[in-house]
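J.:
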Amino acid sequence: MRLTAILTLLAIFAPAHAAQFARQGRFAAMSLATPESFDGDWQFCRLAYQGRGWATDYPDADFNFSLRLSELTKTRVSKDRSGETRPLIVRPTDDTIFNCPFIMLWQAESLRFSDEDAAQLRRYLLKGGFLWSDDSWGTYAWNNFSAQIAKVLPPSEYSFVDIPLNHSILRTLFDVPRVPQVPGISFWWGSGGRTSEQGADSAEVHLRGIVDSRGRILVLATHNTDIADGWEREGVDARYFYEFSRESYAVGINIALYAMTH
643 MRLTAILTLL AIFAPAHAAQ FARQGRFAAM SLATPESFDG DWQFCRLAYQ
693 GRGWATDYPD ADFNFSLRLS ELTKTRVSKD RSGETRPLIV RPTDDTIFNC
743 PFIMLWQAES LRFSDEDAAQ LRRYLLKGGF LWSDDSWGTY AWNNFSAQIA
793 KVLPPSEYSF VDIPLNHSIL RTLFDVPRVP QVPGISFWWG SGGRTSEQGA
843 DSAEVHLRGI VDSRGRILVL ATHNTDIADG WEREGVDARY FYEFSRESYA
893 VGINIALYAM TH
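643 is the number of the first residue of the sequence shown in the working numbering; add one for each residue after it.
(1) Is the beta carbon of Gly872 less than 9 Å from the beta carbon of Val824?
(2) Going by alpha carbons, who is nearest to Thr743 out of Asp757, Thr717, Ala750, Gly693?
(3) Which runs of the beta strand (DSSP E) at least 3 residues long sit entirely within the region 734-808? Give them in chain order.
(4) Counting only runs that start and end within the region 819-868, where is the beta strand (DSSP E) found for 3 or more residues in a row?
(5) Flag this pair as yes or no: are the beta carbons of Ala870 and Asp699 separated by less than 9 Å?
(6) Would you report the Cα separation of Met672 and Ile731, rounded to the nearest angstrom?
(7) May I ask you to list the residues that DSSP assigns as paired with Lys716?
(8) Excluding the 5 residues preceding and the 5 following Gln762 in the sequence, name in chain order all residues of the same chain whose CB lies nearer than 6 Å to its CB.
(9) Using C-beta distances below 6 Å, list every residue in its chain close to Ala887, excluding the 5 sequence neighbours before and after it, in chain order.
(10) Can you give the Cα-Cα distance for Glu874 and Asn808, rounded to whole angstroms?
(11) State the DSSP-derived secondary structure class of Ser708, mapped to helix, strand or coil.
(12) Using the beta-carbon count (16 or more within 10 Å), is Val821 buried or exposed?
(13) For Thr715, which residues of its own chain have a beta-carbon under 8 Å away from its beta-carbon, when the five flanking residues on both sides are left out?
(14) Would you call Gly771 buried or exposed, if buried means 16 or more other Cβ atoms sit within 10 Å of its Cβ?
(15) Our contact map puts Arg710 next to Tyr891 with C-beta atoms below 8 Å; I'd like the distance itself, whole angstroms only.
(16) Take the Cβ of Thr903 as the centre, count every other Cβ of all protein chains shown within 10 Å, and call the residue buried at 16 or more, exposed below.
(17) Once DSSP output is grouped into helix, strand and coil, what is the label at Trp684?
(18) Closest to Asp843 by C-alpha separation, out of His865, Trp831, Asp702, Lys721, would be which residue?
(19) If you follow the beta strand (DSSP E) that Val878 is part of, which residue opens it and which one closes it?
(20) Is the beta carbon of Ile811 sitting closer than 9 Å to the one on Val878?
(21) Report buried or exposed for Leu905, applying the criterion of at least 16 other Cβ atoms within 10 angstroms of its Cβ.
(22) Give the range of the alpha helix (DSSP H) segment to which Leu899 is assigned.
(23) For Gly725, which three-state DSSP category applies?
(24) Taking the alpha carbon of Ile852 as the reference point, which residue from Ser798, Arg688, Phe883 has its own alpha carbon closest?
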């Protein structure tokens, strides 16, 4: 499906929800998932790691993405009786991660994995799990992320590679020709519309991943971009929505569908 399709669909859905998102700004208690939290439908899983940045963009990014996935695909997304989506928070050592086909983490510059974290995540990924890192910028963040992942998957067997733009992960539903550089909205406002949050050190967006022997992506990083801010802030500023949120959803939905089908 061409990217223009998501632009049209979001233009239909967004006006009905944007005012609600901007006015409410959800408050969600930070409670960890339990086995009873899962009902068999798709749920967004956020990784609560050791480090200050794990809760970035919470909770609106998680709720908004889950809602859009339910609207723009046929995915059965878990909802409560009021129709609100039910994203979850999991820790690396929790057994509940094995119920998550898709786990996302933010701001890898603050990421820390203990030996126990790494061992459990290794089991999760090798059993078919999928980990996505977003909203990390610059050399320091990348070096820290790759060092922490090296605790999980030995680089001698599982090294990061650049994912080409013609990879199926960018064609799962929408035909995405690029990974956009999405700035945090506060930076975008304060900088007069710039997108590279760390200047020359984050000028180029990288899509990198760790691939197993069968070609399946286990770990994905959208580096030097904040894809999820396009979800969180979709109802804050119409200019930001049209410039960034639509592409952010196309990228995110493709990645989520890839994780569910590979």
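Glycine included, C-beta positions come from ideal geometry on N, C-alpha and C.
T.: Taking the structure as given:
(1) In the sequence shown, the residue the question calls residue 872 occupies position 230. In the sequence shown, the residue the question calls residue 824 occupies position 182. In this structure, Gly872 places its C-beta atom within 9 Å of the C-beta atom of Val824.
(2) Position 101 of the sequence shown, counted from the first residue, corresponds to residue 743. For clarity, residue 743 is Pro in the given sequence; the question names Thr instead. Minimum Cα distance to Pro743 is reached at Thr717.
(3) Scanning the region 734-808 for uninterrupted beta strand (DSSP E) segments of 3 residues or longer gives 745-748, 773-778, 802-804, listed from N- to C-terminal end.
(4) Given a length threshold of 3 residues, each whole run of the beta strand (DSSP E) inside the region 819-868 is given here in chain order: 848-853, 859-865.
(5) Translated into positions along the sequence shown, residue 870 becomes position 228. Translated into positions along the sequence shown, residue 699 becomes position 57. Yes, Cβ-Cβ distance for Ala870 and Asp699 is below 9 Å.
(6) As a first step, residue 672 must be located in the sequence shown, where it is residue number 30. As a first step, residue 731 must be located in the sequence shown, where it is residue number 89. Near 8 Å, if we compare the C-alpha coordinates of Ile731 and Met672.
(7) Walking along the sequence shown from the start, residue 716 turns up at place 74. Lys716 pairs with nothing; no bridge assigned.
(8) By one-based count along the sequence shown, residue 762 stands at place 120. Excluding positions up to five away in sequence, the list reads Pro734, Thr735.
(9) Translated into positions along the sequence shown, residue 887 becomes position 245. Looking at the sequence itself, residue 887 is Ser, so the reference to Ala does not match. The beta carbon of Ser887 sits closer than 6 Å to those of Gly872, Glu876, all from its chain and outside the five residues before and after it, given in chain order.
(10) On the sequence shown, residue 874 is found 232 positions in, with the first residue counted as 1. On the sequence shown, residue 808 is found 166 positions in, with the first residue counted as 1. Straight-line Cα distance between these residues: approximately 27 Å.
(11) In the sequence shown, the residue the question calls residue 708 occupies position 66. Note: Ser708 maps to helix in three-state DSSP.
(12) As a first step, residue 821 is located in the sequence shown; it is residue number 179 there, counting from the start. Counting every other CB atom within 10 Å of its CB across the protein chains shown gives Val821 a total of 16 or more, marking it as buried.
(13) What you label residue 715 is simply residue 73 of the sequence shown in a count that begins at 1. If we look at Thr715 and ignore the five residues flanking it on each side, its Cβ neighbours are Leu815, Ile895, Leu899.
(14) For the purposes of this step, residue 771 is identified with residue 129 of the sequence shown, where counting begins at 1. Sixteen is the threshold: when 16 or more other Cβ atoms of the shown chains lie within 10 Å of the Cβ of Gly771, as they do, the residue is buried.
(15) Locating residue 710 in the sequence shown gives position 68, where the first residue counts as 1. Locating residue 891 in the sequence shown gives position 249, where the first residue counts as 1. Confirmed, Cβ separation roughly 5 Å.
(16) Within the sequence shown, the letter at position 261 stands for residue 903. Flag for Thr903 reads exposed.
(17) Working through the sequence shown from its first residue, we reach residue 684 at position 42. Here Trp684 sits in strand by DSSP.
(18) Looking up residue 843 in the sequence shown gives position 201. Closest option to Asp843, Cα to Cα, is His865.
(19) Translated into positions along the sequence shown, residue 878 becomes position 236. Note, Val878: premise wrong, no beta strand (DSSP E); not H, not E.
(20) In the sequence shown, counting from the first residue as 1, residue 811 sits at position 169. In the sequence shown, counting from the first residue as 1, residue 878 sits at position 236. Going by C-beta atoms, Ile811 is not nearer than 9 Å to Val878.
(21) In the structure displayed, the chain extends from 643 to 904; residue 905 sits before or after that span and is not available.
(22) The residue given as residue 899 occupies position 257 in the sequence shown. Counting along the chain, the unbroken alpha helix (DSSP H) around Leu899 starts and ends at 888-903.
(23) The count along the sequence shown starts at 1 and reaches residue 725 at position 83. Three-state result, Gly725: coil.
(24) Locating residue 852 in the sequence shown gives position 210, counting from the first residue. Distance from the Cα of Ile852 is smallest, within the candidate group Ser798, Arg688, Phe883, for Ser798.
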